Structures are given as structure tokens and as C-alpha cells.
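Peer 1: Just dropping this structure here.
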Amino acid sequence: MTLTSSDFSATSKDSGKVYLFNLLKENLPRRTQSELNTLTDSTFVFTTNARKKGKVVRTKKQFLTRKERKKLNILKLPKQDWKYDELCEMRELWKQYMRNNLNLYPKIPTWEDPNWTNFNITLAKSEFIGAELTVIRSKNVNQVGMRGTVVLETKATFQIVTPKNELKILVKKPSVFTFTLDDMKFTIFGKYAIIRPSERSIKKIKTLLLPDL
Amino acid sequence: MYYYLDISFVNQDITAALFKNHIITSIKHVFGEIAAAIPFDVVKYDPSEIRAIVRVTQDHYVKFRGSLTLAGYYQGKPCAYIVHKVSPLLLSLLGDSRTYVH
Amino acid sequence: MLSPEIWNFKAPDSLVKVEKGNIVNNNCFNTIQKLHHNHLVSVVLPDTLRVPQNICETLKNDCEYYKISNVGLDELVNINFINAFVRKGIFISLSINERIDCDDCMCITPNGFLLLSLTKETYESLGLEGTPSHYYNTKQRYVVSINLLSNHFKPGKKNYDRTKDRLLTLKKMTLLINWEPPHLDICPSSVAKYFDDLKFDVQVCLPDFQMRTNYTIKVPNFTMDNIHEFVEWLGMFSLESDLGGGGESYLSTYETPQPYQEYGQVKFLQWRGFFSSQQINKLLEVLISHLKDEEKPWISLYVQGFSDVVVGWDLQEHHYYTNGDNGYVIVLNSEDYMVYQHMCSKKSYK
Numbered sequence: 001m002t003l004t005s006s007d008f009s010a011t012s013k014d015s016g017k018v019y020l021f022n023l024l025k026e027n028l029p030r031r032t033q034s035e036l037n038t039l040t041d042s043t044f045v046f047t048t049n050a051r052k053k054g055k056v057v058r059t060k061k062q063f064l065t066r067k068e069r070k071k072l073n074i075l076k077l078p079k080q081d082w083k084y085d086e087l088c089e090m091r092e093l094w095k096q097y098m099r100n101n102l103n104l105y106p107k108i109p110t111w112e113d114p115n116w117t118n119f120n121i122t123l124a125k126s127e128f129i130g131a132e133l134t135v136i137r138s139k140n141v142n143q144v145g146m147r148g149t150v151v152l153e154t155k156a157t158f159q160i161v162t163p164k165n166e167l168k169i170l171v172k173k174p175s176v177f178t179f180t181l182d183d184m185k186f187t188i189f190g191k192y193a194i195i196r197p198s199e200r201s202i203k204k205i206k207t208l209l210l211p212d213l
Numbered sequence: 001m002y003y004y005l006d007i008s009f010v011n012q013d014i015t016a017a018l019f020k021n022h023i024i025t026s027i028k029h030v031f032g033e034i035a036a037a038i039p040f041d042v043v044k045y046d047p048s049e050i051r052a053i054v055r056v057t058q059d060h061y062v063k064f065r066g067s068l069t070l071a072g073y074y075q076g077k078p079c080a081y082i083v084h085k086v087s088p089l090l091l092s093l094l095g096d097s098r099t100y101v102h
Numbered sequence: 001m002l003s004p005e006i007w008n009f010k011a012p013d014s015l016v017k018v019e020k021g022n023i024v025n026n027n028c029f030n031t032i033q034k035l036h037h038n039h040l041v042s043v044v045l046p047d048t049l050r051v052p053q054n055i056c057e058t059l060k061n062d063c064e065y066y067k068i069s070n071v072g073l074d075e076l077v078n079i080n081f082i083n084a085f086v087r088k089g090i091f092i093s094l095s096i097n098e099r100i101d102c103d104d105c106m107c108i109t110p111n112g113f114l115l116l117s118l119t120k121e122t123y124e125s126l127g128l129e130g131t132p133s134h135y136y137n138t139k140q141r142y143v144v145s146i147n148l149l150s151n152h153f154k155p156g157k158k159n160y161d162r163t164k165d166r167l168l169t170l171k172k173m174t175l176l177i178n179w180e181p182p183h184l185d186i187c188p189s190s191v192a193k194y195f196d197d198l199k200f201d202v203q204v205c206l207p208d209f210q211m212r213t214n215y216t217i218k219v220p221n222f223t224m225d226n227i228h229e230f231v232e233w234l235g236m237f238s239l240e241s242d243l244g245g246g247g248e249s250y251l252s253t254y255e256t257p258q259p260y261q262e263y264g265q266v267k268f269l270q271w272r273g274f275f276s277s278q279q280i281n282k283l284l285e286v287l288i289s290h291l292k293d294e295e296k297p298w299i300s301l302y303v304q305g306f307s308d309v310v311v312g313w314d315l316q317e318h319h320y321y322t323n324g325d326n327g328y329v330i331v332l333n334s335e336d337y338m339v340y341q342h343m344c345s346k347k348s349y350k
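Chains as they are written, first to last, in this note's numbering: chain B, 1 to 213; chain R, 1 to 102; chain L, 1 to 350.
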């Protein structure tokens, strides 16, 4: 059987149905043909065309796109005019925040304690802006020994202000950082901290990692 | 060309001939009959420390040393060889700067 | 079954260089100048009844060296120290009880370089620029080199301050030091006084001297053709091993190389300690003059370096594979000399 062009001129839904019925009529054995009539009311999913996408009307956005932010130069921090002493307040705030964060644990666990992993996860999910970091080990040997307050954290870097009022960008991957809080000392392997800070709270953190560069 | 090994035996006091015999046995154990025919010389033997200087040709050095490592038993008792120093120059076995106490 | 892979294991290479020449040219002193940190010196004198005093004493008098325990390496880059000792005279130093294949080692060469051979972990936490070691393909070891005599290496300069600051974090080491003053009127012990004033534990070390006489010994004639056998014989004699009594022996098939001559007395002298190449030079001069005075078939001198020093021959990097030996044998007769130089292979194993 050949289809006439008029079959297609109907709405797309009907034409598909007609075509299908004709096809079934022709190919099915005669004794089952009577059952075809029971199908007339049903709809066939594949004969209906997918709904055409309407034009998306952009709502007025509430924020700047990355392109715009880059253009306005607010992605980068200024190089000059940092005052290490003025960041003192920020450091205190961060310490308070961290203490609150770790207060959930009655005592600092050792690796044998059952809540050791939980403790580490809490630690790994905390914010680092305001922390006083020191580089203790690095493949980039010139950075070893650098110390400063974190003012911005991106996926791959920590940007710190050193006591000499300079802004330094430290790449996380090749370095090991350390910070102290009261009488505790923490070591962070930068390699395992490469996450965008905003995504960190939902990211699953591995519990077994190799402590080497 | 030869390799020289300064080795000592940890088990019990044995004579130089038994010492050499045991090395041959352990070579045979690891590398078989043909390897057991490797010629080597016990150049110096100190029975008080059971320590010897052994000369072996360069071609057979790796097999020789391998058998020393894998030698496990002497007369049914566990034993071991300690290799103190190895050198292709015999004179350098005169002393080891690592163990010298200044 | 003979499996070729198992059967044909190659022994690690070692490099041997033989050099011969006329004694008048004094070329044999060049070899001595190339090895700076010497540990063991031995001399064989055939057909000698009495060893002249001056040979024994060349490496005994004024050959004291000092052992300083638990020194922070930042003391060695102190500008007062550099100006007083490293710049003047000849200063050499090296760390002991540290193994070059698994620990961190340090040495100071006569041309004023402080060299550190560090494991990957120490290197990364030290924070001084270095280069990966030639012998470790996986970058497991690094060599840091600091030029102490550079004009820019002084307080106030960024590089100096940082170097000093970072060396402070390195673990303390036990060092041997040997300083030869620029003038004879300066006492070599001033360097010990300097460290003593800084309240370090300084110990004077004297070279350990041994002398031995063997009677009726078959000594092979020294010719240029049988160098390897001759050097092997020197080893056999020095170690007092069986020189082959003749006849088949179960233990050893070694025989003294032909042709040989029998001498009544053969002397063996040995010093152990820490010697600079200048001190070895002096000994060789004494030996040459001794050879001129008395008719001797030959005299041999064997010098062995330290196993765990950062640099070997010619200030090239050194390592420890089956052994860490650098050494040379010099055999002299009244006209010719022969230098048998033995060094670690430069091959880097994966």
C-alpha cells in the first residue's frame, strides 16, 4: 500500500495513526484483524510528536554572569593595599566559627575513636576564609614557609595576605598546609581539597586518602 | 672480572669446607644442578666470626647472591647470610666507611 | 631447565679506568685532586725491613679532624663562619651516620659548595631550590646545592636570609670537618674552637693507624700487562687472605700471578679517618722521594672514598647501589706510574 499525500496533510497525530492502522491491517494475520477495532480509542505515544519547545523568555537576572564579573574585574582581588593587621578581626571571627564547629565533639578524637571520620568530615567541610595557613611542604619549593590569612578560596587556589601585606596566590594541588587552633594543629593536603568552596558542603568526602604529594 | 663479597653466616660454627659446601647446596637448591657448578673461591675464612670473603665471576654474581638470600636452612635449623659489603675491587673490602666509628 | 632470563642476569656495571705514564710528568697527582673526601689509605711496601718514620707520620701529624655532634646546618651558612674558614684555606666536611640511599646527607666541597642530598619528603618541606637526582628516575631524591662563596651570599640578601631560615628547619646532623689553614702560623684547631665557643660537642679524632709485616711472601712482578691480576693480588695481600699455597684446594683456586719473586718482608700500612686530597698528595710525594732514595721494585697506594658522600669523582653526584665505593690504586716504580681508578657506575636503575 502506498500512502497518499492527503494522509499527511491531516494533523500530524492523525496521519501517524492512519499509517499505523494501514500497516497493521496489511501485515497482521486475518484472524487477529478484528481485534484492531478495539484499539481505535487508544493513543499511541510514538505517533504524537514531541511538543515543540517554546522560545525561552529570559527573565531579568538577579546576578552578574561570570563574563560580566570578569569584565568588571571583581573576580580578582586587588594586589595592593592589604593590611594584615586589619584582618585580625576576621581571624578572630574564623577562630570562633571553627571552635563552634568543632564543639559538636566532646573531645578531639584520635584515629582509634569511632567518630574520627565524622570529625574529619566536619573539618573538611568547614570554611577556610579567615584561617591563618602556613605552607609546610610543597612541590613548588619557593612557597614552603609562606604564612598568611586566607581572603579568598577558589577551586584550585587559596589567596592569602602575608604579614608583609602582600597578596599571594597559592595553588592547592602541590602543597600541604597547616593551621593551628588553640592547642590543636591541623594539616591539610591541598591535593584533596580541590573543590569549589560553595560545593563543599554537599560533596562526598573520601575517608581513606594517601598522605603524600 | 670478578666480584668480591664479604659475607658472614648466621647459624653455628662450621668449617670453611662445610661453609663452601653449604653455599653450593643452596645454589643447587635455587638454580639447579648446572648452576651448582659455578666456580667460586673462598678467598679468606675467619672461623671465629664465620665470616668469609668470596670471589665469584661477574657473570654469576647475581645468581650467587640470589642463592645466598634464599638459603634458609642448615641441617634443619634456620640460617642466614649477612652480606657486609660487595665490590668489584677487592681492596675496597679493607674497610667500610659506613660502619667505621670516628 | 635453564631459563635464559634467570641465567643471564647481569651484574651491576662498575667503571674502571687505567692510566699509565711517566712519573716525571706528575700526572698521577691529578687523580688525587679529583676525589676530595677520603676515608681509607693503605700502602704496600715490598722488600722493606724498616719503614721510614716520615711515611708513617705523614698522615698522623696534623691530620686531626673533628667530629661535631648535633649541628644545625644553619651554622654552616653563618657569614662569620664562611669568612673565617670556607673562604680561607681548604675546608671540607661531610655528614656521618646518614646513608645516601635512604637518609639525608650533606657535604661541603673544597670549592665552597654546600651540597645536600635529600629524600623527596625532606626536599619538599625544606623549600630550597634543587634538582632531581640523576640516579632516581622517579624523582625520589633531590640534590640542593648552595654556593657559599658567591658574592651575593651575605646577610641582608633575600637568598641568604631564606637559605638560613630554611636550613634551620632541617634536622641536626653529625659532621666531620677537616680544615687546612691558609698559613702555617694559624692552628688548624681554630675551627674546633669556633664550634666549641658555640657550645657544640666537638671531638678530636685521630686517624687510626695500623702496620703489619708479612714474611716470605710471593710478590708478582709489576708490569703494565697484568694490571687486573696485580691489583687483585694487592687486595689478597692487604686482606691477609690465602695467597695460594700451590696444589689444588677445595676452597680456593687462587694463585699468585706468574712471574713472581719471593721477598723476605712485605709491609702493609693502613690509615683510616678523614683525609683531604692535599694530605694524600703529601703522602704520595713522600712515597716518590722514598722510592728515589731506595731501590724498591714498586710501591702501591690505595685510597678509598666515603660511601655516603654526596659527590664522588670530579664533584659528580654519587650514589649507592651494590656498593658506594670510589677509590683508586696508584702503583709506582722508579720511572713509571699506573693509576687504577674505580668508580660507581653512572647508570641509573629504574
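Glycine residues also receive a C-beta, built at the ideal position from the N, C-alpha and C atoms.
All values reported here derive from a predicted model rather than from experimental measurement.
On the three-state DSSP scale, how would you describe residue 259/L?
Peer 2: Sequence index remark: in the third sequence, residue 259/L carries index 259 (1-based). Of the three classes helix, strand and coil, the one that applies to residue 259/L here is coil, per DSSP.
Peer 1: Leaving out five residues on either side along the sequence, give the residues of the same chain with a beta carbon under 7 angstroms from the beta carbon of residue 233/L.
Peer 2: Your numbering for residue 233/L matches position 233 in the third sequence. Excluding sequence neighbours, residue 233/L sits near 220, 256 and 257.
Peer 1: Looking at the unbroken beta strand (DSSP E) that takes in residue 231/L, where does it start and where does it end?
Peer 2: For the purposes of this step, residue 231/L is identified with residue 231 of the third sequence, where counting begins at 1. Element bounds for residue 231/L: not the beta strand (DSSP E) but the alpha helix (DSSP H), 227-238.
Peer 1: Which same chain residues, not among the five before or five after residue 50/R, have their C-beta less than 6 angstroms away from its C-beta?
Peer 2: On the second sequence, residue 50/R is found 50 positions in, with the first residue counted as 1. So the qualifying residues of the chain are 8 and 9.
Peer 1: Output the distance between the C-alpha atoms of residue 139/L and residue 288/L, rounded to the nearest integer angstrom.
Peer 2: Start at 1 with the first residue of the third sequence, and residue 139/L comes out as number 139. Start at 1 with the first residue of the third sequence, and residue 288/L comes out as number 288. Rounded to the nearest angstrom, the two C-alpha atoms are 46 angstroms apart.
Peer 1: How about the stretch 336-345 of chain L and the stretch 317-325 of chain L: do they share at least three Cβ pairs that are nearer than 8 angstroms?
Peer 2: In short, these stretches touch, since the Cβ pair count reaches three.
Peer 1: Which ranges does the alpha helix (DSSP H) cover as unbroken runs of at least 4 residues, wholly within the stretch 61-138 of chain B, from first to last along the chain?
Peer 2: Listed in chain order, the complete alpha helix (DSSP H) runs (minimum 4 residues) inside the stretch 61-138 of chain B are 66-71, 88-102 and 116-124.
Peer 1: Considering residue 166/L, what are the terminal residues of the alpha helix (DSSP H) in which it resides?
Peer 2: Here residue 166/L corresponds to residue number 166 of the third sequence, with the count starting at 1. Taken as a continuous stretch (DSSP letters only), the alpha helix (DSSP H) holding residue 166/L covers 158-167.
Peer 1: Taking Cβ-Cβ distances below 7 angstroms as the criterion, which residues of the stretch 172-187 of chain B are in contact with chain L?
Peer 2: If the cut-off is 7 angstroms between Cβ atoms, the stretch 172-187 of chain B has nothing near chain L.
Peer 1: Is DSSP giving residue 54/B helix, strand or coil here?
Peer 2: Reading the first sequence from its first residue, position 54 is the one you call residue 54/B. Residue state, collapsed to three classes: coil.
Peer 1: Only counting the same chain, and skipping five residues up and downstream in sequence, which positions put a Cβ closer than 8 angstroms to that of residue 29/L?
Peer 2: The residue labelled residue 29/L in the question sits at position 29 within the third sequence. Excluding residues within five positions, the ones whose Cβ falls inside 8 angstroms are 281 and 284.
Peer 1: So residue 196/L is in the beta strand (DSSP E); what residue range does that whole segment cover?
Peer 2: Numbered from 1 along the third sequence, position 196 holds the residue referred to as residue 196/L. Careful: residue 196/L lies outside any beta strand (DSSP E), inside the alpha helix (DSSP H) at 190-197.
Peer 1: Apart from the five residues just before and just after residue 14/B, which ones in its own chain have a Cβ nearer than 7 angstroms to its Cβ?
Peer 2: Taking the first sequence and counting its residues from 1, one reaches residue 14/B at position 14. Here the set comprises nothing.
Peer 1: When you compare the stretch 111-122 of chain L with the stretch 146-165 of chain L, are there three or more beta-carbon pairs, one atom per stretch, that lie closer than 8 angstroms?
Peer 2: Yes: the two stretches touch, three or more of their Cβ pairs being nearer than 8 angstroms.
Peer 1: By alpha-carbon positions, which one of 300/L, 162/L and 189/L ends up nearest to residue 222/L?
Peer 2: By one-based count along the third sequence, residue 222/L stands at place 222. Residue 300/L is the option with its Cα nearest to residue 222/L.
Peer 1: So what's residue 10/B in DSSP terms, helix, strand or just coil?
Peer 2: Counting from 1 along the first sequence, the entry for residue 10/B is found at position 10. For residue 10/B, the predicted model reports a pLDDT of 48, less than 50, meaning its position is unreliable and no value from the coordinates is stated.
Peer 1: For the stretch 188-218 of chain L, enumerate the residues whose C-beta is nearer than 7 angstroms to any C-beta of chain R, in chain order.
Peer 2: Cβ contacts with chain R come from 205.
Peer 1: Within this structure, are the beta carbons of residue 20/R and residue 123/L separated by less than 8 angstroms?
Peer 2: Position 20 of the second sequence, counted from the start, is the residue given in the question as residue 20/R. Position 123 of the third sequence, counted from the start, is the residue given in the question as residue 123/L. Result no, Cβ atoms of residue 20/R and residue 123/L do not sit closer than 8 angstroms.
Peer 1: Hey, does residue 147/B have any beta-carbon neighbour from chain L nearer than 8 angstroms?
Peer 2: For the purposes of this step, residue 147/B is identified with residue 147 of the first sequence, where counting begins at 1. Judged by the 8 angstroms Cβ criterion, residue 147/B is not in contact with chain L.
Peer 1: Drop a sphere of 10 angstroms on the beta-carbon of residue 75/B, count the other beta-carbons inside from all chains shown, and report buried for 16 or more, exposed for fewer.
Peer 2: For the purposes of this step, residue 75/B is identified with residue 75 of the first sequence, where counting begins at 1. When all chains shown are included, residue 75/B counts as exposed.
Peer 1: Measuring only the C-alpha atoms, how far is residue 20/L from residue 332/L?
Peer 2: Indexing the third sequence from 1 puts residue 20/L at position 20. Indexing the third sequence from 1 puts residue 332/L at position 332. Each residue's Cα considered, the two are about 10 angstroms apart.
Peer 1: Rounded to whole angstroms, how far is the Cβ of residue 64/R from the Cβ of residue 34/R, which I believe are closer than 8 angstroms?
Peer 2: The residue labelled residue 64/R in the question sits at position 64 within the second sequence. The residue labelled residue 34/R in the question sits at position 34 within the second sequence. Residue 64/R to residue 34/R, Cβ: 14 angstroms. No contact.
Peer 1: Given that residue 232/L touches chain R, what residues does it touch there, using C-beta distances under 8 angstroms?
Peer 2: As a first step, residue 232/L is located in the third sequence; it is residue number 232 there, counting from the start. In chain order: 2 and 90.
Peer 1: What residues from chain L crowd round residue 139/B, counting only those whose CB sits closer than 7 angstroms?
Peer 2: Translated into positions along the first sequence, residue 139/B becomes position 139. Under the 7 angstroms cutoff, chain L gives 124.
Peer 1: Give a yes or no on whether the C-beta atoms belonging to residue 65/L and residue 205/L are separated by under 8 angstroms.
Peer 2: Start at 1 with the first residue of the third sequence, and residue 65/L comes out as number 65. Start at 1 with the first residue of the third sequence, and residue 205/L comes out as number 205. In this structure, residue 205/L lies closer than 8 angstroms to residue 65/L by Cβ.
Peer 1: Kindly indicate which three-state DSSP category residue 180/L falls into: helix, strand or coil?
Peer 2: The count along the third sequence starts at 1 and reaches residue 180/L at position 180. Of the three classes helix, strand and coil, the one that applies to residue 180/L here is strand, per DSSP.
Peer 1: With DSSP collapsed to three states, give me the class of residue 144/B.
Peer 2: For the purposes of this step, residue 144/B is taken as the residue at position 144 of the first sequence. Coil.
Peer 1: Taking residue 166/L as the query, report the chain B residues whose CB atoms sit under 8 angstroms from its CB, ordered along the chain.
Peer 2: Your numbering for residue 166/L matches position 166 in the third sequence. In chain order: 144 and 145.
Peer 1: Would you call the stretch 69-85 of chain L in contact with the stretch 164-179 of chain L, where contact means no fewer than 3 C-beta pairs closer than 8 angstroms?
Peer 2: Touching, yes.
Peer 1: List, in order along the chain, the chain B residues whose C-beta lies closer than 8 angstroms to that of residue 156/L?
Peer 2: Residue mapping note: residue 156/L aligns to position 156 of the third sequence, counting from 1. By Cβ distance, chain B contributes nothing, its closest Cβ being about 16 angstroms from residue 156/L, past 8 angstroms.
Peer 1: With a cut-off of 8 angstroms on the beta carbons, I'd call residue 67/L and residue 176/L a contact; round off their distance for me.
Peer 2: Taking the first residue of the third sequence as position 1, residue 67/L is located at position 67. Taking the first residue of the third sequence as position 1, residue 176/L is located at position 176. Contact flag correct, Cβ pair sits at about 6 angstroms.
Peer 1: Enumerate in chain order the residues of its own chain whose CB-to-CB distance from residue 11/R is below 7 angstroms, with the five nearest sequence positions on each side excluded.
Peer 2: Within the second sequence, residue 11/R is the residue found at index 11, counting from 1. 74, 77 and 79.
Peer 1: Give the residues from the stretch 117-139 of chain B that approach chain L closer than 9 angstroms (Cβ to any Cβ), ordered along the chain.
Peer 2: Taking 9 angstroms as the Cβ-Cβ cut-off against chain L, the residues of the stretch 117-139 of chain B that qualify are 135, 136, 137, 138 and 139.
Peer 1: Measuring only between beta-carbons, confirm whether residue 294/L sits less than 8 angstroms from chain B.
Peer 2: In the third sequence, residue 294/L corresponds to position 294, counting from 1. No, no contact with chain B.
Peer 1: Within 10 angstroms of its Cβ, does residue 6/B collect 16 or more other Cβ (buried), or is it exposed?
Peer 2: Taking the first residue of the first sequence as position 1, residue 6/B is located at position 6. Only weak support exists for where residue 6/B lies, its pLDDT of 44 falling under 50; the value from the coordinates is given anyway. With fewer than 16 other Cβ atoms within 10 Å, it is exposed.
Peer 1: Would you say residue 96/L reaches chain R, if we count a Cβ-Cβ gap shorter than 8 angstroms as a contact?
Peer 2: Taking the first residue of the third sequence as position 1, residue 96/L is located at position 96. It does; some Cβ of chain R falls within 8 angstroms.
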